[in-house]
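Q: First residue of the sequence shown: -18, per the numbering used here; consecutive thereafter.
Glycine included, every Cβ here is placed at the ideal spot set by N, Cα and C.
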Amino acid sequence: MTGRSWLPCALGLLLGGCGQSEGELRDQWVVSLSTDAPVPQFGDRLVVEILEADGSPACGGCRRLLGVPSEWPASFGIVAPDTADRDLVVRARLYRTESAGNDGLPTSGRVIDAAGILKAPRGATRAHIQLEMACFGVPVRLDEGLSCDPTSGGYAPLPILTDAPPSIARPGSWPDAAQIPCAGEIPEDMLCVPGGAFLMGAPTTSLISDDLDAEPLVRLSPYAMDRDEMTVGMYLDLAEEFNLSLPAVHNANPSSSRYYCTYDPNRPESRALPVNCLDRAQARAVCEVQGRRLPTEAEFEFAAGNRTRETLYPWGDDQDVCRYAVLARNPLDLTNGSFAPYSECRETEAGRLAPGPVRGNTSLDQTDIGLLNLGGNLSEWVEDVYADYRESCWEGLVLTDPLCTKNDNGWFARRGGAWTGPPITARAAERNAQLDDQGSIGIGVRCALSR
């Protein structure tokens, strides 16, 4: 269905309808909608409402929930009621289906919201309303008669809507939506992640993170990431060359907290395993000696969610997590209900899988550009301190290359799922924390490089 034929009488039916006598021309508004937002990334659903000046519905059916049109600008007619001698307000919101409640309306503030005044029509009166990313997350205040001014991102009185300007926005024309390619050489063991914009977090909270629904809007510069988690062998080679401290050593006692540490000088084959049991200082150091750094939280999530596709998992949206990633292989008692999610991926048709991380390059846990094991095997240290998305570190309309550094409690962010954790931790949006001086059998490292 094209934008021009998009439910052409849908709202007209609400306020007098399309059923006037043949040849009779009723006073009406012809309203067009445009947006500069990338769709469907930032919105795949529209709600359009016709309201009285006080914000109450102009009629019993003056709200329509609509899919995003295939062509823009979208236009529709609103036939005025017989007593249309007063101004009305039209409000439009563009949002993502996943943020909608049971009534279909957005439950999150992460929408583009615009409203304007429809002057009483004389004949076919044209009006245009533009949904701009400059107003993303700024709600209309109907009780105060205010809407977002896209030139400032702040509030202004509801505008009187007129015909479309000569130059109107096109979907995806928001300047920050442009994909930015990497510049400079990319090392052979790394892959380029082009820069772009996305929403961190998720429309709903989770059992692990209760702040995901804040959904910061983030703009990232291009960067490169290691294709896979760093192995024991890679770490040992760099440690020898640059005099780095060694990881905690595997302890052969099954009751030891280091039993699942992968570095074992008595087992040469351990060199192929991803290195774990590193504290954050060690992880940072092994990246820095290569002229690299730890990725930020935003960079990790952007890569794990396939950038502007914003998929649930690195491999896409298939929720058969155990098939794709090394997760939930904890050695806890499988019969214990409270621990079952941490071990549920061990049972397979071929038998019970062994606990512990596995050698890389063999997993279906892969992004569309080929990054491996961002969903499971080992979680990974990132550069940020752990800060709630509702705290000041994450405030702002658009955050450019965000990095949270304010923290005095020793908790730092870690990203990605691990063999020790439940399947939910594979989600690209999930986040967790770890004390910076504590290595873990579930945490490893991969490096990043600004490009």
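1) Tell me whether Tyr240 sits in a helix, a strand or coil according to DSSP, three-state version.
2) Restricting to Cα atoms, I'd like to know which of Val199, Gly176, Asp170, Arg239 is closest to Met215.
3) Would you identify the three-state DSSP class for Val119, choosing helix, strand or coil?
4) What separation, rounded to the nearest whole angstrom, lies between the Cα atoms of Asn224 and Ser251?
5) Using a Cβ-based criterion (distance less than 7 Å to any ligand heavy atom), does Thr78 qualify as near the ligand SAM?
6) Assuming Leu139 and Gly126 make a contact with CB atoms under 8 Å, what is their CB distance in whole Å?
7) Given 8 Å as the limit, is there contact between the region 194 to 205 and the region 231 to 242, that is, 3 or more CB pairs closer than that?
8) Expressed to the nearest angstrom, what Euclidean distance is found between the alpha-carbon atoms of Ala262 and Arg396?
9) Please classify Ser13: does DSSP put it in a helix, a strand, or coil?
10) Just to confirm before moving on: does the CB-CB distance between Ala309 and Tyr294 stay below 8 Å?
11) Determine which residues share a DSSP beta bridge with Gln419 and list them.
12) Give me the Cα-Cα distance between Arg273 and Ser128, rounded to the nearest whole angstrom.
13) Please state if the CB of Pro338 and the CB of Val363 are separated by a distance shorter than 8 Å.
14) Using CA atoms only, rank isn't needed, just tell me which of Glu166, Asn311, Glu221 is closest to Glu328.
15) In whole angstroms, what is the alpha-carbon distance linking Ala253 and Leu384?
16) With H, G and I counted as helix, E and B as strand and the rest as coil, what does DSSP make of Asp365?
17) Mind checking who Val28 pairs with in its DSSP beta bridge?
18) On a CA-only basis, which of Phe320, Glu372, Leu416, Thr143 is nearest Asn390? Give me that one, please.
A: On the basis of the data shown:
1) coil
2) Asp170
3) coil
4) 20 Å
5) By its list of ligands, the structure shown contains no ligand whatsoever, and the ligand SAM lies outside what it can speak to.
6) 5 Å
7) no
8) 16 Å
9) strand
10) no
11) None; Gln419 has no bridge partner.
12) 45 Å
13) no
14) Asn311
15) 32 Å
16) strand
17) Leu46, Arg74
18) Leu416
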